[in-house]
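My numbering puts the first residue of the sequence shown at 3, with every later residue one more than the last.
Read through the structure below, which is laid out as structure tokens, and then see the notes.
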Amino acid sequence: NNTINDGLDGACKNNGYTVWSYNQGVILGALIELSKASFDDSYIVTARDIAWAAIETLADSHGVLHDSCEKGCGGDVSQFKGIFTRNVAQLYTATSDPGLKKFLETNAQSIWKNDRDSQNRLGLSWSGPYDTADASTQSSALMALIAAASVQGS
3 NNTINDGLDG ACKNNGYTVW SYNQGVILGA LIELSKASFD DSYIVTARDI AWAAIETLAD
63 SHGVLHDSCE KGCGGDVSQF KGIFTRNVAQ LYTATSDPGL KKFLETNAQS IWKNDRDSQN
123 RLGLSWSGPY DTADASTQSS ALMALIAAAS VQGS
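Written as structure tokens, this is what we have:
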């Protein structure tokens with residue numbers, strides 16, 4: 003379905019585990035760089051297919067990005083969505099796909115409206131409600147805000 007999951011089994015086959023947003027973001031960035039290095043636009047086509055598959059799989063009906071365990075995630079998961087949005091912004095720069103720009107704008111607007119407290123701290127669930135913030139949630143949400151800002155005027 004054009005998404006990248008988080009691992010392989012002992013036979014190097016898809017293990018069927020979770021599709022995380024960062025896996026999609028990392029491959030987008032790599033494909034964009036391969037396209038630049040090789041002057042081969044087929045990498046951009048593949049990146050666009052992956053980006054749209056990820057958005058269709060991981061965004062809610064309002065277009066806001068989620069990872070599967072937002073309220074119960076541990077470790078580094080709170081960074082994942084920011085990694086994806088940062089690379090979607092790079093893909094937008096390479097393609098000028100208006101849908102990608104809209105996706106970035108939608109997420110930034112939702113973060114600012116629904117997932118921030120009175121001191122402008124940014125939480126984990128970008129669709130809200132705000133619950134708590136730490137360095138990781140703040141950094142991830144800031145990546146999304148910067149990604150949206152980077153595509154304005156283009």
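C-beta atoms are modelled at their ideal positions from N, C-alpha and C, and glycine is treated no differently.
Predicted model, so just to flag it, every value in this text is computed and none were measured.
Reducing DSSP to helix, strand and coil, say where R88 ends up.
DSSP places R88 in helix when its eight states are reduced to three.
Put N16 into one of helix, strand or coil per three-state DSSP.
The answer is strand: DSSP assigns N16 an E or B state.
Which residues does DSSP list as the beta-bridge partners of A61?
Bridge partners of A61: L67.
Would DSSP call R50 helix, strand or coil?
R50: helix per DSSP, three-state reduction.
When you compare each of V47, I148, A49, K15 to T108 by their alpha carbons, which one comes out closest?
With distances taken between Cα atoms, T108 lies closest to I148.
Have a look at the DSSP bridge pairing and note the partners of R123.
For R123, which the question treats as bridged, DSSP gives no partner whatsoever.
Hey, how far is the Cα of G12 from the Cα of S44?
Approximately 30 angstroms, taken between the alpha carbons.
Among the residues of its own chain, which have a CB less than 8 angstroms from the CB of L106, if the five just before and after it don't count?
For L106, where only same-chain residues beyond five positions count, the Cβ hits under 8 angstroms are T87, V90, A91, Y94, A146, A149, A150, V153.
Could you tell me whether the segment 24-35 touches the segment 48-65, where touching means 3 or more Cβ pairs closer than 8 angstroms?
They touch, by the three-pair rule.
Going by DSSP, what residue range makes up the alpha helix (DSSP H) through F105?
That run of the alpha helix (DSSP H) goes 100-116.
Can you list, in chain order, the residues of its chain whose CB lies under 6 angstroms from that of F219, leaving out five sequence neighbours each side?
Since the first residue of the chain shown is 3 and the last is 156, residue 219 is not available in this structure.
Measuring straight from C-alpha to C-alpha, what distance separates C71 and Q121?
Going from the Cα of C71 to the Cα of Q121 covers about 26 angstroms.
Considering just the uninterrupted stretch of the alpha helix (DSSP H) at E25, what are its terminal residues?
Looking at the sequence provided, one finds Asn at residue 25 rather than Glu. From DSSP, the alpha helix (DSSP H) with N25 extends over 23-40.
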